[in-house]
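**Student:**
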Amino acid sequence: MKIINIGSLNIDYVYEVDSFVKKGETKLSNKLNIYSGGKGLNQSIALKRAGAEVYHGGLIGKDGSFLKELLEKEKVNTDFISIVNSPSGHAIIQVDESGDNCILLHGGANQLFTEEIVDSILENFNKGDYLLLQNEINLMEYIINKASEKGLIIVLNPSPINSKLKSYPLDKVDIFILNEVEGKELTNKEKEEDILNELISKYLKAQFVLTLGEKGVRYGFKDERIEVNAKQVKAMDTTAAGDTFTGYYLASMLSGKSVQEALETATVASSITVTREGAADSIPYMKEILE
Ligand code: RIB
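With full-length UniProt numbering, letter number 121 in the sequence shown gets 121, and the count goes up by one each step, no holes.
If you want it as structure tokens, here you go:
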């Protein structure tokens, strides 16, 4: 069984601010840091640091060669990362005093997938292999359909939410790892139990992991429900907390842990991430979780 993550690679420009810029306002930031990021890249690193072998499929411009080098250094397989004639994707991230963030994305190279590129990646994977996707690249519908035809197990972190999401063939997804905002958007429900119940009745074959920030995480599959509380930590920067959770949950599950154990491991991992600055750099190693 192999894991292929087809996902974004971004250059993150992270601005520390006292509070987020408001409409019509101009603001001087306190500090700028430039980090490696992208939900795709972050999740590949989280998977690898959690102990899984992972292939990353993605597109960068010449300016993003350091993103590929970082994945190589982490021993993520980068055979399916290509350089295209466009700037890499980037993110403008404001982080405020409480560690919360808001993110503006420019898709760049991440939005230049073609059917040929997707086919040339997926031809290397077979029935029973895992495909992990987020929502920062183009051709999502094509990728899900192709992967499903091949019998891949599809894991979707539908982040960031956008108007296209509902038009994807979501009935082909096997595992959703999503947050409350995404859950509300997909179901038009407000309460977490209602979101989970609605998702389960809509997508019958899928397992759902609903992350709720400080309220922890809920799992639902058919009649089964599991809850795990969040760890109380002082947040410094919440960027990549969701990505850490996704990578650790999937890697833990595939290593043979029970759902309960995988949820607990992923909860500890993401609670460490929020105590550190940056995206990929803030993701802990498995040995830190064990400690
Ligand atoms: O989830 C965090 C990530 O979202 C950042 O690294 C940024 O690049 C955006 O994709």
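C-beta atoms are modelled at their ideal positions from N, C-alpha and C, and glycine is treated no differently.
Just to confirm, are Ala147 and Leu165 a CB contact at a threshold of 9 Å?
**Tutor:** no
**Student:** Would you identify the three-state DSSP class for Arg49, choosing helix, strand or coil?
**Tutor:** In this structure, DSSP gives Arg49 a helical state, which the three-state scheme calls helix.
**Student:** Given that a residue counts as buried once 16 or more other Cβ atoms are within 10 Å of its Cβ, and exposed if not, what is Lys39?
**Tutor:** buried
**Student:** Measure the alpha-carbon distance for Phe221 versus Thr26 and round it to whole angstroms.
**Tutor:** 47 Å
**Student:** Quick test of the definition: if touching needs 3 or more C-beta pairs under 8 Å, does the region 37–52 touch the region 227–243?
**Tutor:** Between the region 37–52 and the region 227–243, the count of C-beta pairs closer than 8 Å reaches three or more; the two stretches touch.
**Student:** For the ligand RIB, is there a heavy atom less than 8 Å away from the beta-carbon of Ser159?
**Tutor:** yes
**Student:** For the ligand RIB, is there a heavy atom less than 8 Å away from the beta-carbon of Gly38?
**Tutor:** yes
**Student:** Taking 9 Å as the threshold (C-beta atoms), are Asn135 and Tyr55 in contact?
**Tutor:** no
**Student:** What number of angstroms, rounded off, separates the C-alpha of Asp12 from the C-alpha of Leu105?
**Tutor:** 9 Å
**Student:** Verify the contact flag: Glu115, CB atom, against every heavy atom of the ligand RIB, threshold strictly below 8 Å.
**Tutor:** no
**Student:** Return the Cβ separation of Ile60 and Lys73 in integer angstroms, given the expectation that the two are a contact with Cβ distance under 8 Å.
**Tutor:** Rounded to the nearest angstrom, the Cβ distance from Ile60 to Lys73 is 15 Å, too far for a contact under 8 Å.
**Student:** Could you tell me if Leu250 is buried or exposed, where buried requires 16 or more neighbouring beta carbons within 10 angstroms of its beta carbon?
**Tutor:** Counting Cβ neighbours within 10 Å, Leu250 comes out buried, since at least 16 surround it.
**Student:** Is Ala46 near the ligand RIB, going by C-beta to nearest heavy atom under 8 Å?
**Tutor:** No, the Cβ of Ala46 stays beyond 8 Å of every heavy atom of the ligand RIB.
**Student:** Between the Cα of Ile144 and the Cα atoms of Pro160, Leu170, Gly24 and Asn157, which residue gives the shortest distance?
**Tutor:** Leu170
**Student:** In the DSSP assignment, find the alpha helix (DSSP H) that holds Val181 and state where it starts and stops.
**Tutor:** Val181 -> alpha helix (DSSP H) spans Glu180 to Thr187.
**Student:** The ligand RIB and Asn10: does any heavy atom of the ligand fall closer than 8 Å to the residue's C-beta?
**Tutor:** yes
**Student:** Using CA atoms only, rank isn't needed, just tell me which of Ser120, Gly216, Ala279 and Asp223 is closest to Val268.
**Tutor:** Gly216
**Student:** Would the beta-carbon of Leu263 fall within 9 Å of that of Val209?
**Tutor:** yes
**Student:** Can you name, in chain order, every residue of its own chain whose Cβ lies under 7 Å from the Cβ of Thr78, other than the five neighbours on each side?
**Tutor:** His56, Lys68, Leu71 and Glu72
**Student:** Is any non-hydrogen atom of the ligand RIB found closer than 8 Å to the C-beta of Gly99, if you look at the structure I gave you?
**Tutor:** no
**Student:** Would you tell me roughly how many angstroms separate the C-alpha atoms of Asp18 and Ile272, rounded to the nearest one?
**Tutor:** Taking the CA atoms as reference points, Asp18 sits about 23 Å from Ile272.
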